[in-house]
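For the sequence shown, the numbering used here gives the first residue as 1, with consecutive numbering after it.
Backbone N, C-alpha and C define an ideal beta-carbon position, used for all residues, glycine too.
Heads up, the thing below is written out as structure tokens.
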Amino acid sequence: MDNINAYKKHLHNYILSLASHPYVRRYLSDPIIDDDKLYLLIMLLKDIDLSDEERDQIIAATILVQIALDIHDHIPASSTINDGKSLTEHQLTVLAGDYYSGLYYFILSKLERIDLIRSLAVGIKDINEHKMILHQLHFVDEEALYSAIRTIQSSLVVKVAECFKKSHYQEFIEQYLLICALKQQREQFIAQGDSFLFNSLSGLIFKKQAKDLVERERSELLSSAEKRIVSLHSACSQSLLSSFNQNSSLYRSLQAILTENELKESSYAEEG
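What follows is the structure, given as structure tokens:
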């Protein structure tokens, strides 16, 4: 595991091979693997006393749960289905999500990791509860909105950390994955003029959808999100200092990805 990037690529391909099903692939593209979560899981487990096979399977099982949750988010509403192909894709999307969920349970059952099954089940419950809060717009301010997104993005990785007695890393995990989510949502908003987060922020701040904003309001919304990202970078740095041994390889690796992230953000701010 000396070459983290090579190991990450190996795991990426391993997870895709586990998730592959010929019939599903005729209609649906390969599942999207969250590389930020994959990297954090690798870093959390790389020094744990596990065989290479156990480590691979625990990480793969966690990512498969994430894939299942993500794919269920993209199931189209029944009212949008208007032909046989759409119906097939709808049914296969549902089944693919269930298939990935079953795979994670099967893998961890074979490893007899009942502790992880239980922990991830709690994480899934937390994620689904906070997704309901988001989709029903049950948040009163920006802090509540960001808190819900933070839980949705980080719960599975946090539960794995807890299982391996690394719960003191929770703050960093939550902050870092929230940064990643905000950047992804910002890119979508800039490219398409729309995203779930920016729609929600627009509703809170301007009482209208993001697509209806005038240029001044759009700039203000982007500025608000960018200030949040800068603040989270600072909080992440503090969490690293307070929660990690500064002489450890884990600290150095996480500091490196955080620094890279900050440099990209500085470059983005200059270009903007």
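What residue range does the alpha helix (DSSP H) around Ala-148 cover? Taking the sequence shown and counting its residues from 1, one reaches residue 148 at position 148. Per DSSP, Ala-148 belongs to the alpha helix (DSSP H) from 142-163.
Among Asp-30, Ile-15 and Ile-33, which one has its Cα closest to the Cα of Arg-55? Within the sequence shown, the letter at position 55 stands for residue 55. It is Ile-15 whose Cα lies nearest to the Cα of Arg-55.
At least three beta-carbon pairs within less than 8 Å, the segment 106-121 to the segment 61-75: yes
Quick check on this structure: which residue in Arg-186, Ile-33 and Tyr-39 has the alpha carbon closest to the alpha carbon of Leu-250? On the sequence shown, residue 250 is found 250 positions in, with the first residue counted as 1. Considering only alpha carbons, the answer is Tyr-39.
In this structure, does DSSP put Val-214 in helix, strand or coil? Counting from 1 along the sequence shown, the entry for residue 214 is found at position 214. In this structure, Val-214 counts as coil in the three-state DSSP scheme.
Counting Cβ pairs closer than 8 Å, one from the segment 168-181 and one from the segment 227-242, do we hit at least three? yes
Cβ contact (3+ pairs, closer than 8 Å) linking the segment 185-192 and the segment 124-142: no
Less than 6 Å between C-beta atoms, sequence neighbours within five positions excluded: which residues of the same chain meet that for Asn-199? Here residue 199 corresponds to residue number 199 of the sequence shown, with the count starting at 1. Result list for Asn-199: Gln-209 and Ala-210, in chain order.
Using 10 angstroms around the beta-carbon of Asp-34, count the other beta-carbons present and answer buried if the total reaches 16, otherwise exposed. Looking up residue 34 in the sequence shown gives position 34. So Asp-34 counts as buried.
Within the same chain, show all residues whose beta-carbon is closer than 7 Å to that of Asn-245, passing over the 5 residues directly before and after it, in chain order. Here residue 245 is taken as the residue at index 245 of the sequence shown, counted from 1. Result list for Asn-245: Tyr-251, in chain order.
Determine the direct distance from the alpha carbon of Thr-93 to that of Ala-181, and round the result to whole angstroms. As a position in the sequence shown, residue 181 is number 181, starting the count at 1. As a position in the sequence shown, residue 93 is number 93, starting the count at 1. If you take the alpha carbons of Ala-181 and Thr-93, they lie about 23 Å apart.
Between Ile-179 and Ile-124, is the Cβ-Cβ spacing less than 8 Å? Residue numbering aside, residue 179 sits at position 179 when the sequence shown is read from its first letter. Residue numbering aside, residue 124 sits at position 124 when the sequence shown is read from its first letter. Cβ distance not < 8 Å, so Ile-179 and Ile-124 don't count as in contact.
Could you pull the start and end residues of the alpha helix (DSSP H) that His-168 belongs to? Locating residue 168 in the sequence shown gives position 168, counting from the first residue. Element bounds for His-168: n/a, residue is neither H nor E.
Where Cys-163 falls, given that 16 or more other Cβ within 10 Å makes a residue buried: As a first step, residue 163 is located in the sequence shown; it is residue number 163 there, counting from the start. With 16 or more Cβ atoms within 10 Å of its Cβ, Cys-163 is classed as buried.
Any idea if Gly-97 is buried or exposed, counting beta-carbon neighbours within 10 angstroms, 16 or more meaning buried? Counting from 1 along the sequence shown, the entry for residue 97 is found at position 97. So Gly-97 ends up on the buried side.
Can you tell me whether Ile-48 is helix, strand or coil according to DSSP? Locating residue 48 in the sequence shown gives position 48, counting from the first residue. In this structure, Ile-48 counts as coil in the three-state DSSP scheme.
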